[in-house]
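Taking it in order: structure first as structure tokens, then the write-up.
Number of protein chains: 2
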Amino acid sequence: LEVSSFSLAVAHLNHLARGEDSNRDEDFVSNLCQKLGLKIFIDRIDVAKISLNRVASFQETARNIRHAFLNRILSEWRGDLVSLGHNADDQVESFLINILRGSGLLGLTRTPSKKGRYIRPLYGCFRSEIEDYIGLNGLKHCSDVTNLKTHYLRNKIRLGLIPFLKSFNPKIKSSLIETSGLLTDDEDYLQKEVDKIFSKVAINDQESNFPSLRVDLIIKQHPAIQKRLLRQAILQAKGDLRSISSRHIFDVLRLIKHSVSASEIHLPDGLTVFYNDGKLSFRKTNL
Amino acid sequence: LEVSSFSLAVAHLNHLARGEDSNRDEDFVSNLCQKLGLKIFIDRIDVAKISLNRVASFQETARNIRHAFLNRILSEWRGDLVSLGHNADDQVESFLINILRGSGLLGLTRTPSKKGRYIRPLYGCFRSEIEDYIGLNGLKHCSDVTNLKTHYLRNKIRLGLIPFLKSFNPKIKSSLIETSGLLTDDEDYLQKEVDKIFSKVAINDQESNFPSLRVDLIIKQHPAIQKRLLRQAILQAKGDLRSISSRHIFDVLRLIKHSVSASEIHLPDGLTVFYNDGKLSFRKTNL
Numbered sequence: 005l006e007v008s009s010f011s012l013a014v015a016h017l018n019h020l021a022r023g024e025d026s027n028r029d030e031d032f033v034s035n036l037c038q039k040l041g042l043k044i045f046i047d048r049i050d051v052a053k054i055s056l057n058r059v060a061s062f063q064e065t066a067r068n069i070r071h072a073f074l075n076r077i078l079s080e081w082r083g084d085l086v087s088l089g090h091n092a093d094d095q096v097e098s099f100l101i102n103i104l105r106g107s108g109l110l111g112l113t114r115t116p117s118k119k120g121r122y123i124r125p126l127y128g129c130f131r132s133e134i135e136d137y138i139g140l141n142g143l144k145h146c147s148d149v150t151n152l153k154t155h156y157l158r159n160k161i162r163l164g165l166i167p168f169l170k171s172f173n174p175k176i177k178s179s180l181i182e183t184s185g186l187l188t189d190d191e192d193y194l195q196k197e198v199d200k201i202f203s204k205v206a207i208n209d210q211e212s213n214f215p216s217l218r219v220d221l222i223i224k225q226h227p228a229i230q231k232r233l234l235r236q237a238i239l240q241a242k243g244d245l246r247s248i249s250s251r252h253i254f255d256v257l258r259l260i261k262h263s264v265s266a267s268e269i270h271l272p273d274g275l276t277v278f279y280n281d282g283k284l285s286f287r288k289t290n291l
Numbered sequence: 005l006e007v008s009s010f011s012l013a014v015a016h017l018n019h020l021a022r023g024e025d026s027n028r029d030e031d032f033v034s035n036l037c038q039k040l041g042l043k044i045f046i047d048r049i050d051v052a053k054i055s056l057n058r059v060a061s062f063q064e065t066a067r068n069i070r071h072a073f074l075n076r077i078l079s080e081w082r083g084d085l086v087s088l089g090h091n092a093d094d095q096v097e098s099f100l101i102n103i104l105r106g107s108g109l110l111g112l113t114r115t116p117s118k119k120g121r122y123i124r125p126l127y128g129c130f131r132s133e134i135e136d137y138i139g140l141n142g143l144k145h146c147s148d149v150t151n152l153k154t155h156y157l158r159n160k161i162r163l164g165l166i167p168f169l170k171s172f173n174p175k176i177k178s179s180l181i182e183t184s185g186l187l188t189d190d191e192d193y194l195q196k197e198v199d200k201i202f203s204k205v206a207i208n209d210q211e212s213n214f215p216s217l218r219v220d221l222i223i224k225q226h227p228a229i230q231k232r233l234l235r236q237a238i239l240q241a242k243g244d245l246r247s248i249s250s251r252h253i254f255d256v257l258r259l260i261k262h263s264v265s266a267s268e269i270h271l272p273d274g275l276t277v278f279y280n281d282g283k284l285s286f287r288k289t290n291l
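Residue numbers (this note's numbering), protein chains in the order written: chain H, 5 to 291; chain W, 5 to 291.
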């Protein structure tokens with residue numbers, strides 16, 4: 005038997021998105037921590053207001069703000085790890101969201117239960133198992149009312165699609181988690197291959213921070229690798245892959261395969277891809 | 005403008021599975037070919053009767069019998085290619101069936117539109133496009149009544165799941181076909197890698213037709229490759245991968261990772277996997 009000894013603190017970000025309910029949740033967490041003698045960090049940020057001035061969705065803005073908040077608390081409190089509440093149902097829902105949106109292999113993989121300083125200790129437990137534990141031990145809990153609304157895509161999937169899929173396969177949730185696990189291994193292998201090949205295909209240019217690739221070497225690769233090399237270059241040039249669909253990757257492939265002379269194409273967020281003299285270059289203009 | 009010149013013959017296998025309807029379909033095809041001046045080959049095989057004595061499902065037995073029939077006609081008539089009627093909707097349905105069953109990457113890939121002597125010229129057309137063409141040109145057609153019943157899984161998916169998924173994404177069918185196309189490239193690359201690695205990991209044994217693998221070399225591979233090497237060995241030993249789930253693959257992995265001395269495990273269809281002296285051997289006993 006091993007007993008771990010660690011210090012726990014709680015961080016709660018009030019998104020101010022659900023009026024009185026948001027404040028009630030904050031009070032609940034605050035009271036619970038006081039009772040348990042846990043240190044608590046609370047902040048209030050009007051996510052909707054910030055979201056209005058951004059291109060990203062409310063959900064995406066909320067996630068970015070939340071991560072910034074958690075990182076700030078982590079260094080303030082001098083903690084080692086941030087423990088997140090994601091469970092196995094969240095994995096299933098994300099998998100289905102990505103299937104519905106249309107996604108390549110990467111979108112169908114699992115977020116690891118440990119990624120940097122973030123851990124997800126409940127990732128292997130279904131929501132029902134957690135609720136059973138709460139019920140059996142007579143613990144107090146608090147639900148976000150938006151979880152019951154079918155307003156957001158994730159809730160529509162939870163309350164509509166998953167029950168429907170269960171009529172085809174009662175064990176659909178475990179089944180999708182297993183599929184996702186297999187695909188995660190495959191994606192990991194492919195990414196490692198791409199990392200190796202990218203360093204050979206990339207042209208070292210001391211003057212520029214933007215990547216350039218040798219087209220003759222891209223052409224020699226397998227289609228699965230070609231597409232990933234281009235994605236990797238876009239990621240380097242743009243900092244993220246937001247708004248980049250496989251359609252854009254195919255456009256760049258067409259450019260290098262069918263273009264006879266120098267040409268360029270424009271991708272989202274001010275990204276331009278130039279093809280000239282056997283070299284494919286990526287540049288980003290600040291918008 | 006290019007005009008292809010080729011001879012066309014029609015092959016119709018009456019499965020005798022839908023009573024009078026089966027015979028009506030046969031008559032329809034037969035009359036149509038006579039009118040169009042096309043050579044027709046017809047055979048009647050009671051698939052249900054044969055299926056009774058087999059482990060495989062009705063659908064699987066039907067497919068095997070159909071392929072044997074088509075291959076026989078092909079060599080009898082001295083044809084070059086067999087053209088099958090599969091369309092884009094069939095691809096979408098197969099993708100979803102495999103997602104529901106729980107499948108690795110291979111199950112989520114597209115059947116190529118040309119595979120050996122079989123071609124699928126309508127693979128890029130949705131059923132609705134084919135029906136539009138039939139309607140616009142006033143062509144006669146004939147529907148299999150079982151297509152309207154939700155008895156079979158494929159029909160349940162066609163008539164229940166796909167319309168439901170459209171409420172999430174109206175372009176879900178094209179989206180799934182695109183996803184499947186991306187995954188097909190990935191699987192193709194991985195399979196080529198596995199082929200290369202398998203020949204290095206396999207131990208040449210002149211006496212046996214069954215594969216043996218070097219465990220020290222398997223262990224060194226990436227998990228995605230390890231699982232595929234084992235699947236490849238099982239395919240060689242057993243002739244197919246029927247009844248083999250990822251659960252079995254994980255069992256074999258556990259055997260080589262945690263077994264201290266000689267041991268064996270039994271897999272479906274009389275397949276036994278032996279681990280002894282750093283060697284993993286696969287044997288099949290005829291049942």
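Cβ atoms here follow ideal geometry from the backbone N, Cα and C, with glycine treated the same way.
Can you name the residues that DSSP bridges to asparagine 141 of chain H? Note: asparagine 141 of chain H sits in no beta bridge, so no partner.
By alpha-carbon positions, which one of H/Ser249, H/Trp81, H/Arg235 ends up nearest to glycine 243 of chain H? Closest in alpha carbon position to glycine 243 of chain H, among H/Ser249, H/Trp81, H/Arg235, is H/Arg235.
Could you pull out every residue in the same chain whose Cβ sits closer than 6 angstroms to the Cβ of leucine 4 of chain W, ignoring the five residues on either side in sequence? For residue 4 of chain W there is no data in the structure shown, the boundaries of chain W being 5 and 291.
Indicate whether at least one CB of chain H lies closer than 7 angstroms to the CB of leucine 36 of chain W. Taking Cβ atoms only, chain H never reaches closer than 7 angstroms to leucine 36 of chain W, which makes this a no.
Among residues of its own chain, excluding the 5 on either side of leucine 110 of chain W, which ones have a beta-carbon nearer than 7 angstroms to its beta-carbon? Within the same chain, leucine 110 of chain W has close Cβ partners Glu191.
Along the region 217 to 244 of chain H, what residues have a CB closer than 8 angstroms to any CB found in chain W? Legend: CB atoms of the region 217 to 244 of chain H lying less than 8 angstroms from CB atoms of chain W belong to residues His226, Pro227, Ala228, Ile229, Lys231.
Cα-Cα separation between isoleucine 49 of chain W and arginine 218 of chain H, rounded to whole angstroms: Pairing isoleucine 49 of chain W with arginine 218 of chain H, the inter-Cα distance amounts to about 58 angstroms.
Given 8 angstroms as the limit, is there contact between the region 131 to 148 of chain H and the region 65 to 76 of chain H, that is, 3 or more CB pairs closer than that? Here the region 131 to 148 of chain H does not lie against the region 65 to 76 of chain H, with fewer than 3 beta-carbon pairs under 8 angstroms apart.
Nearest neighbour of serine 107 of chain H, chosen from W/Leu186, W/Val14, W/Glu197, W/Pro125 [CA to CA]: Looking at the Cα atoms, W/Leu186 is the closest of the given residues.
Suppose you measure from the CA of isoleucine 123 of chain H to the CA of serine 11 of chain H; what does that come to, to the nearest Å? The straight-line gap separating the alpha-carbon atoms of isoleucine 123 of chain H and serine 11 of chain H is approximately 15 angstroms.
Since alanine 237 of chain W is in the alpha helix (DSSP H), which residue starts that stretch and which ends it? For alanine 237 of chain W, the enclosing alpha helix (DSSP H) stretches over residues 227 to 242.
Tryptophan 81 of chain H to glutamine 38 of chain H, Cα distance in whole Å? The alpha-carbon separation between tryptophan 81 of chain H and glutamine 38 of chain H amounts to approximately 17 angstroms.
Thinking C-beta only, is valine 33 of chain W closer than 7 angstroms to leucine 16 of chain W? Strictly speaking, residue 16 of chain W in this sequence is histidine, with leucine absent from that position. Yes, these two residues count as a Cβ contact at 7 angstroms.
Identified DSSP bridge partners for alanine 206 of chain H: Looking at the DSSP output, alanine 206 of chain H bridges to H/Leu217.
Option nearest threonine 113 of chain H by Cα separation, candidates H/Val14, H/Ser267, H/Gln230, H/Glu97: Here the closest residue by C-alpha is H/Glu97.
Closer than 7 angstroms, CB to CB, is glutamate 182 of chain H near chain W or not? Judged by the 7 angstroms Cβ criterion, glutamate 182 of chain H is in contact with chain W.
List, in chain order, every chain H residue whose beta-carbon is nearer than 8 angstroms to that of glycine 105 of chain W. Looking at the sequence provided, one finds arginine at residue 105 of chain W rather than glycine. Going along chain H in sequence order, the residues near arginine 105 of chain W (Cβ under 8 angstroms) are Asn173, Ser179.
For alanine 13 of chain W, which residues from the same chain have a beta carbon less than 6 angstroms from its beta carbon, with the 5 sequence-adjacent residues on both sides left out? For alanine 13 of chain W, same chain residues with a beta-carbon under 6 angstroms away, outside a window of 5 residues either side, are Lys43, Trp81 in chain order.
If I measure Cβ to Cβ from leucine 275 of chain W and keep anything under 7 angstroms in the same chain, skipping five residues before and after, which residues do I get? These residues qualify, in order along the chain: Ile238, Ala241, Lys242, Phe286, Lys288.
Using beta carbons (cut-off 7 angstroms, strictly below), is glycine 83 of chain H in contact with chain W? Under the Cβ criterion of 7 angstroms, glycine 83 of chain H is not counted among the residues facing chain W.
Give the single residue among H/Ile248, H/Phe62, H/Leu163, H/Ser26 whose Cα lies nearest to the Cα of isoleucine 46 of chain H. Minimum Cα distance to isoleucine 46 of chain H is reached at H/Ser26.
Report the neighbours of aspartate 192 of chain W on chain H: residues whose CB is nearer than 9 angstroms to its CB, in chain order. From the beta-carbon of aspartate 192 of chain W, the residues of chain H found nearer than 9 angstroms are His226, Pro227, Ala228.
Kindly indicate which residue of H/Pro272, H/Asp273, H/Ala266 has the alpha-carbon position closest to the one of glycine 282 of chain H. Out of H/Pro272, H/Asp273, H/Ala266, H/Ala266 has the C-alpha closest to the C-alpha of glycine 282 of chain H.
Where aspartate 220 of chain H and valine 198 of chain W are concerned, what is the direct C-alpha to C-alpha distance, given to the nearest angstrom? Approximately 25 angstroms between the Cα atoms of the pair.
Which of helix, strand or coil DSSP assigns to asparagine 292 of chain W: The requested residue 292 of chain W is not part of the displayed model; chain W covers only 5 to 291.
Contact set between aspartate 189 of chain W and chain H, taken where Cβ atoms lie within less than 8 angstroms: Going along chain H in sequence order, the residues near aspartate 189 of chain W (Cβ under 8 angstroms) are His226, Pro227, Ala228, Lys231.
Look at tyrosine 193 of chain H and histidine 262 of chain W and say whether their C-beta atoms are less than 7 angstroms apart. A distance of 7 angstroms or more separates the beta carbons of tyrosine 193 of chain H and histidine 262 of chain W.
In chain W, which residues lie less than 8 angstroms from leucine 20 of chain H when you measure between Cβ atoms? Within chain W, no residue comes near leucine 20 of chain H; the closest Cβ sits about 29 angstroms away, beyond 8 angstroms.
Determine, using beta carbons only, whether serine 179 of chain H and phenylalanine 99 of chain H come nearer to each other than 7 angstroms. Phenylalanine 99 of chain H sits away from serine 179 of chain H, with the two beta carbons spaced by 7 angstroms or more.
Thinking valine 86 of chain H and isoleucine 69 of chain H are a contact (beta carbons under 8 angstroms), I'd like their distance in whole angstroms, please. Incorrect: roughly 15 angstroms between the Cβ atoms, too far for contact.
Would you mind reading off the limits of the alpha helix (DSSP H) that contains threonine 65 of chain W? Element bounds for threonine 65 of chain W: 62 to 81.
DSSP bridge partner residues for asparagine 280 of chain H (one or two, in chain order): Asparagine 280 of chain H is bridged by DSSP to H/Lys283.
Distance, Cα to Cα, threonine 188 of chain W vs threonine 188 of chain H? Distance between the alpha carbons of threonine 188 of chain W and threonine 188 of chain H is about 16 angstroms.
Would you kindly report the start and end of the unbroken beta strand (DSSP E) that includes valine 256 of chain W? Per DSSP, valine 256 of chain W belongs to no beta strand (DSSP E); it is in the alpha helix (DSSP H), 250 to 262.
In this structure, what does DSSP give as the bridge partners for histidine 270 of chain H? H/Thr276, per the DSSP bridge assignment.
Looking only at its chain, what residues have a beta carbon closer than 7 angstroms to the beta carbon of alanine 21 of chain H, apart from the 5 residues adjacent to it on each side? Around alanine 21 of chain H, the same chain offers Val51, Ala52 as residues with beta carbons nearer than 7 angstroms, after the five sequence neighbours per side are excluded.
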